[in-house]
Amino acid sequence: MKKYNFIFSMVIMILLTSCAKKYDEIIDGEQDVQVLIAEREFLVPKKYIDNPSLPVQSPLIFDKKGSMIAYFYWPTLDGLAESDNQQRFGRFNHQVVSMQWYIKNEHYIDAQRSIENIQSYESYQKKSKLSCPLSNMKCIGISSPLSYEWMGNYEGMGSFYIRCPKEEEKSELLLNQVCNLAVDYDDKNIYIESLISSNFIASEDDLPKILNQMKAFIDDWEVNNSKN
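Here my numbering is used: the first residue of the sequence shown is -4, the next is one more, and so on.
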């Protein structure tokens, strides 16, 4: 009887092992990592996920409220280097743009809702209004003692919202500050959050190009490019 119990146990173990999800360790920066968010599939080059010496598990699986984050150098579009300490480790590289994307209708907030929330506050009406400094983009800006904020709609994507820190005694946007960017990609039902250098905001021409690049990455990386 013990012999049969042992054989039965071995059969069960083999079945469980064969049915278990198999993961690969990706080292090559040009090799794609499979990313699944709420069953939507993206193939992201490993170089945009982590530095060259660290393996990345594939697939990376997230539930419908989950998200994926990638990093790229601007304007070269290079991936992460060996020396990079990414933003999540507390060191910000002003040449690197992060993009963290969610399934828009599964997330509790998006760029459009952020704008609506801000504009609903009574204090919003009292803040100083700013002209839009961004090339070829329509937006409105507000200034408070602690921040500059811009909000608008970018053609081909959707609503966007930017917040940059401000020093009270300074009247202009400072360089080498960490800004928050939120943008909706409505056609793909994607919401993107980003940490971005104020250097790219101050340059005027960079931000539209960076938004276009984020859009291109999502289009290229998603396996099924039809609208969701």
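Quick reminder that beta carbons are idealized off the backbone N, C-alpha and C, glycines included.
- The Cβ neighbour count for residue 130, taken over all protein chains shown within 10 Å, is under 16; the residue is labelled exposed.
- Per DSSP, residue 202 is one residue of the alpha helix (DSSP H) stretching across 201 to 216.
- For residue 193, the enclosing alpha helix (DSSP H) begins and ends at 193 to 197.
- With contacts defined as CB atoms closer than 9 Å, residue 68 and residue 51 fail to qualify as a contacting pair.
- A distance below 9 Å separates the beta carbons of residue 27 and residue 41.
- Listed as beta-bridge partners of residue 37 by DSSP are 30, 217.
- Restricting attention to 140, 135, 211, the CA atom closest to the CA of residue 146 is found in 135.
- Residue pairing by DSSP places residue 125 opposite 136 in a beta bridge.
- DSSP lists 156, 188 as the bridge partner or partners of residue 177.
- Per DSSP, the unbroken alpha helix (DSSP H) holding residue 110 starts and ends at 106 to 115.
- In the DSSP assignment, residue 171 falls outside any beta strand (DSSP E), carrying neither H nor E.
- Taking all protein chains shown into account, residue 211 has fewer than 16 neighbouring C-beta atoms within 10 Å of its C-beta and is therefore exposed.
- In this structure, the alpha-carbon of residue 54 lies about 32 Å from that of residue 157.
- Of 219, 179, 218, the smallest CA-CA separation from residue 95 is found for 179.
- Across the structure, residue 122 and residue 144 are spaced so that their CA atoms are roughly 11 Å apart.
- By alpha-carbon distance to residue 172, the top candidate from 60, 196, 118 is 196.
- Here residue 114 is exposed: its Cβ has fewer than 16 other Cβ atoms, across all protein chains shown, within 10 Å.
- For residue 151, the closest of 76, 116, 207, 168 by C-alpha to C-alpha distance is 207.
- Rounded to the nearest whole angstrom, the CA to CA distance from residue 119 to residue 109 is 13 Å.
- The DSSP-derived three-state label of residue 163 is coil.
- If you look at residue 23, you'll find it isn't in any beta strand (DSSP E); DSSP assigns it neither H nor E.
- Checking the DSSP bridge columns, you'll see residue 62 partnered with 97.
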